[in-house]
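For reference, the structure is listed below as C-alpha cells.
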Amino acid sequence: MNGPQLNELPDAAEQVRPYVSSLRREALQELTAVRSLSDGFLIKFLRARDFDVELSLKLLLNYQRWRKESPEISRCLSPSSVLGLLNTSYHSVLPERDHTGSRVLIYRIGQWHPKDWSAFEVFRVSLMTSEIISMETETQRRGLKVIFDLQGWSLGHALQFNPSLARKISSVLSDSFPLKVRGIHLVNEPMFFRPVFAMIRPFLPDKIKQRIHMHGADFCETLGDFFSSHVLPPEYGGEAPEIEELCQDWTNQLLQSENFLQQVAAHPTGDIAITTPTFPDLPSRSIYTSTVHLPEGLCASALQPAVCLD
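Residues 1 to 310 (UniProt numbering) make up the sequence shown, in order.
What follows is the structure, encoded as C-alpha cells:
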C-alpha cells in the first residue's frame, strides 16, 4: 500500500500502526528530552508527507526547531491578543473546501495597518490558523490553498519585512509545518510588492514556486479557473457569503480555540491531544467547538488570555 492510499485510511487503521511506531521511535531518539509523542500528533506529520517516515521525521524535527528558534511567534498563540487586527476583517478560512478538498484561506493585506500591528503579530495569526486546521483529518490529507489580496499594499508594509522574517515565512510554507500547501494565489499585487516577493522566493522549494499564481487586478475570471463559485465570496467572483461576514466567523472560531492554542504554545513539543476535531466539517454558518484535555499538571488558570509582547 503506497503513501496516498495510506493517507485515506482512518487514524486507527491497522496498516497505519507500523508507520506511527516507526516515526515515534525515530523521533524520540532525536528529541532526547521528550518522553512521549501521541499518535494523533505523529499522524499529522505522516499525512503531510504521505507516510514517508524519513520525510515525516525531517518535517517533525524542523517543526520543533522552528518553534524553538522563533519564540517571538510560536510562544504566544493568543487570538485575543490580536483581536483588533482580526476585527478589521483581515483573515478568513472559507467554510467550503475547494473541489480537491483543500481548505481555502484568504488574507486581506490592506486591512493590516503596520503602525498598529507588527509583521510578527500578523504572522502569528497565520500560525494560529495553521495549528487549528492541521487538526482536521481532511485537511491533513488534502492540504490548503491561500489567497493573498494585496490591495492596499504600501511602503509601510514593505518596511516590515527583512531577510530573517522572509526566511521564517518560507520555512513554515515549505518544510516546518505539517500541512500541504497546494496553491498560493496573489491578487491585486502592485509593482512595489515585487521586492518583498523577491526576498521570499529564494527560500522556497521549486515545488512551492510552481504553485504560486499571480492574478493581478483582473482576478475574478482567473480565480474561477481554480475555485468553484460556491467556495469564494462575491468580492472574489463567487457566491459564498460576503468576506466581512466570513472573516468575523473565523475570528469567532479563533477565539473559541484560545485555550487550545495557548496549550500548544506552552507545550514543549506542541503535542496536544483533543477529544474531537477543533474545526470539523459541518455545514456553513455553524459554530464549531472542541473539547480540549488539559495536559497532566496544567491547571485551567494557566490557560487564561495572555498578554503578548514583541
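Using N, Cα and C, we set each Cβ at its ideal position, and we do this for glycine too.
For clarity, every value in this text was computed on a predicted model and none was experimentally measured.
Check                                                                                                                                     : Outcome
Rounded separation between residue 189 and residue 176 - CA only                                                                          : 26 angstroms
For residue 134 and residue 44, the rounded distance between their alpha carbons                                                          : 7 angstroms
Residues near residue 90 in its chain [Cβ-Cβ closer than 6 angstroms; skip 5 each side]                                                   : 108, 111 and 112
Between the CA atoms of residue 77 and residue 259 - distance to the nearest angstrom                                                     : 9 angstroms
Contact under 8 angstroms by Cβ, residue 6 with residue 20                                                                                : no
Chain-order list of residues whose beta-carbon lies under 7 angstroms from that of residue 199 (same chain, five-residue window excluded) : 161, 163 and 166
Through-space distance from residue 37 to residue 243, alpha-carbon basis                                                                 : 38 angstroms
Limits of the unbroken beta strand (DSSP E) element including residue 116                                                                 : That residue, residue 116, is in no beta strand (DSSP E); it is neither H nor E in DSSP.
Which residues DSSP lists as bridging residue 149, in chain order                                                                         : 108 and 187
Check whether residue 55 and residue 49 have beta carbons under 8 angstroms apart                                                         : yes
Inter-stretch contact at 8 angstroms, needing at least 3 Cβ pairs: the stretch 152-160 / the stretch 54-73                                : no
Inter-stretch contact (C-beta, 8 angstroms, three-pair minimum) for the stretch 196-211 and the stretch 118-133                           : no
Per-residue burial, residue 283 [other beta carbons within 10 Å of its own, 16 or more giving buried]                                     : Here the model assigns residue 283 a pLDDT of 36, short of 50, so the residue's position is not dependable, and the following value carries that caveat. Burial call: exposed.
Sheet register partners of residue 212 (DSSP bridge)                                                                                      : 184
Cβ separation of residue 125 and residue 269, assumed to be a contact under 8 angstroms, to the nearest whole Å                           : Wrong, their Cβ atoms sit about 22 angstroms apart, outside the cutoff.
beta-carbon residue 147 near the ligand NAP non-hydrogen atom, thresh 7 angstroms                                                         : This structure lacks the ligand NAP; in fact it carries no ligand of any kind.
Beta bridge counterpart(s) of residue 91 as assigned by DSSP                                                                              : 107
The alpha helix (DSSP H) enclosing residue 15, as first and last residue numbers                                                          : Neither: residue 15 is in no alpha helix (DSSP H) and is coded neither H nor E.
Supposed contact pair residue 227 and residue 98 - C-beta distance, whole angstroms, cut 8 angstroms                                      : 5 angstroms
Residue 318, enclosing alpha helix (DSSP H) - first and last residue                                                                      : Since the first residue shown for the chain is 1 and the last is 310, residue 318 is missing from the structure and cannot be characterised.
Candidates 30, 267, 271 and 250, of which the one nearest residue 83 by Cα                                                                : 250
Burial state of residue 103, where buried means 16 or more other Cβ atoms lie within 10 Å                                                 : buried
Supposed contact pair residue 208 and residue 174 - C-beta distance, whole angstroms, cut 8 angstroms                                     : 5 angstroms
Contacting residues, own chain, Cβ-Cβ under 8 angstroms from residue 359 (five flanking each side not counted)                            : Residue 359 falls outside the range modelled here, since the chain spans only 1 to 310, and no answer is possible.
Residue 262: first and last residue of the uninterrupted alpha helix (DSSP H) it sits in                                                  : 258-266
For residue 31 and residue 92, the rounded distance between their alpha carbons                                                           : 35 angstroms
Residue 128 burial status per 10 Å Cβ neighbour count (16 or more: buried)                                                                : buried
Selected residue, minimal CA-CA separation from residue 80, among 267, 257, 271 and 263                                                   : 257
Span separating the alpha-carbon of residue 100 from that of residue 141                                                                  : 10 angstroms
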